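S.K.: Just so it is clear: in the sequence shown, position 20 is 70 by our numbering, and no numbers are missing.
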Amino acid sequence: MTSSPSVSLTAEQIQDLNKQLSTMRHDINNCLSLVLAAAEVIRRKPEAVERMTGTLTDQPRKVTDAMQKFSASFENALGIVKA
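#1: Would you kindly work out how many angstroms separate the C-alpha atoms of Arg101 and Asp77, rounded to a whole number?
#2: Would you give the residue range spanned by the alpha helix (DSSP H) that Lys95 belongs to?
#3: Whose C-alpha, out of Lys112, Thr60, Leu59 and Val85, is nearest the C-alpha of Ala99?
#4: Is it right to say Met117 is buried, meaning 16 or more other beta carbons lie within 10 angstroms of its own, or is it exposed?
#5: To the nearest angstrom, how far is it from the Cα of Glu62 to the Cα of Val113?
#6: Any idea what DSSP makes of Lys132, helix, strand or coil?
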């Protein structure tokens, strides 16, 4: 097993990463709320399925985007380089 160089983060960098993590969680929770709301609308009004399909199909991309954005910042802060 190879050892990695140690990384030091300032309190400000940690605070910034924590804020970004909080934002990512908030964004993902919003996406999940929209999925649940769209599913509930479809359950109550099956004729709304076409209208709600866009909402449902947009959410995975938004979740992925939020995770990738945070991951890039996290990896950058820790000096992680993908091979």
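All residues carry an ideal CB built from backbone N, CA and C; glycine is no exception. Note that this is a predicted model, so its numbers are computed, not measured.
M.R.: A quick look at the data gives this:
#1: Each residue's Cα considered, the two are about 22 Å apart.
#2: Where Lys95 is concerned, there is no enclosing alpha helix (DSSP H), because DSSP gives it neither an H nor an E.
#3: The question names Ala, yet the displayed sequence has Val at residue 99. Among Lys112, Thr60, Leu59 and Val85, the Cα nearest to that of Val99 is on Val85.
#4: Result: exposed.
#5: The straight-line gap from Cα to Cα measures roughly 26 Å.
#6: In this structure, Lys132 counts as coil in the three-state DSSP scheme.
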